[in-house]
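Following this note's numbering, the numbering of the sequence shown begins with 1 at its first residue and continues without gaps.
See structure below.
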Amino acid sequence: MRTVLDRAYTDDMVHDWTRVEAGIFHAFHTTWIPVLSAALNHGVLPDGFYSLPEQHAGESIADLLALHASADSGATGLPYLPVEGGTLLADAPPRVRHRRVIETNLLARQRSVAIRHVSGHRLVAVIEIVSPANKDRPGRVAEFAEKARSMLEHGVSLLLVDVFPPGRHDPDGLHGAIQRALEDTARRYEWPAQEPLTLASYTPWPLVEAFIEHLAVGAALPEMPLFLGRDRYVEVPLERTYSEAWEALPAFWRQVVAARA
Numbered sequence: 001m002r003t004v005l006d007r008a009y010t011d012d013m014v015h016d017w018t019r020v021e022a023g024i025f026h027a028f029h030t031t032w033i034p035v036l037s038a039a040l041n042h043g044v045l046p047d048g049f050y051s052l053p054e055q056h057a058g059e060s061i062a063d064l065l066a067l068h069a070s071a072d073s074g075a076t077g078l079p080y081l082p083v084e085g086g087t088l089l090a091d092a093p094p095r096v097r098h099r100r101v102i103e104t105n106l107l108a109r110q111r112s113v114a115i116r117h118v119s120g121h122r123l124v125a126v127i128e129i130v131s132p133a134n135k136d137r138p139g140r141v142a143e144f145a146e147k148a149r150s151m152l153e154h155g156v157s158l159l160l161v162d163v164f165p166p167g168r169h170d171p172d173g174l175h176g177a178i179q180r181a182l183e184d185t186a187r188r189y190e191w192p193a194q195e196p197l198t199l200a201s202y203t204p205w206p207l208v209e210a211f212i213e214h215l216a217v218g219a220a221l222p223e224m225p226l227f228l229g230r231d232r233y234v235e236v237p238l239e240r241t242y243s244e245a246w247e248a249l250p251a252f253w254r255q256v257v258a259a260r261a
């Protein structure tokens, strides 16, 4: 049974995680990832696809990895989806306010063999939920942007979920850092000052497109596209899974994070 405190702090909205230390968000983050993975496996991903939480080596965060179930997809680009499954981009473009083609230089780079999971199944897409550690120094911002560029270069699509505003080391946000890495320029990305949180979904090489939503603290998290092919995507239930992970956070910390000015 929910208490009065629960009812007061279970708003279906994105919260201000700068109110607490990084360890509190880390606890929420490690809950959100398996909840999101389970949601994708139960009715979102089409046949032949599955998701797994994955801990990367080094100082990176736990990611949600969507893996194609076939190991014979080839080394160039994304595999074709079954006839039924996902949404055709041409039929129903994602409901985001910003869509940009990024003038990337990936075509000029030497391409490698497609990335595969340790099980031998081909990596198709990644969801990155940003943590404060990804932004706490210039080197980590550059590492994150290079990791994103490398995934897109190898035909892996990406969904970036950044519920932290731009900071001293990422003044135009992690999306801006990724865009500069793709374009290999110093041109800055202009983000709306009143909506500092960013969701961005990227289609991979050879044509990188970004589908972008900016949010303010207190806004509802929209569903975002996750591309399983160059022209097909599924909608990721960010708000529903965020709310479920939020409910698992201790009531004391929900009160601190959601405190009103």
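Virtual Cβ for every residue (Gly too), placed ideally from N, Cα, C.
Through-space distance from residue j to residue i, alpha-carbon basis
i, j, result
"V234", "T241", "15 Å"
"L249", "V256", "11 Å"
"W253", "V14", "15 Å"
"D184", "A22", "31 Å"
"R180", "V101", "13 Å"
"A92", "P225", "11 Å"
"P166", "L152", "23 Å"
"T87", "V96", "15 Å"
"G43", "V35", "13 Å"
"W17", "A220", "15 Å"
"F28", "F211", "26 Å"
"F164", "E190", "16 Å"
"P94", "L238", "14 Å"
"A39", "I127", "13 Å"
From the options, residue whose alpha carbon lies closest to that of residue i
i, options, result
"E146", "I178, R187 and P196", "I178"
"W32", "E244, D16, A258 and A259", "E244"
"Q194", "L174, P206 and G218", "G218"
"A200", "A258, A27 and V130", "V130"
"L215", "H98, A251, V20 and F49", "H98"
"T198", "E143, L52, L174 and P206", "L174"
"R137", "E213, R168 and A39", "R168"
"L45", "E54, A125 and V20", "A125"
Where residue i sits in the DSSP three-state scheme
i, result
"S150", "helix"
"I129", "strand"
"I102", "coil"
"T203", "coil"
"T241", "helix"
"R230", "coil"
"F144", "helix"
"R122", "strand"
"E183", "helix"
"P192", "coil"
Proximal residues to residue i (C-beta, below 6 Å), its chain only, five neighbours per side dropped
i, result
"I24", "W253"
"L89", "D231"
Supposed close pair residue i, residue j - CB separation, criterion 8 Å
i, j, result
"L123", "V156", "5 Å"
"V236", "E247", "Their Cβ separation, rounded to whole angstroms, is 19 Å, which puts V236 and E247 out of contact at 8 Å."
8 Å CB neighbourhood of residue i in its chain, flanking five on each side removed
i, result
"P171", "R188"
"P204", "G77, L78, M151, L152, E153, H154, G155, V156, S157, L158, F227 and R230"
Cutoff 7 Å; reference residue i; Cβ partners in own chain excluding five residues on either side
i, result
"R140", "A133 and N134"
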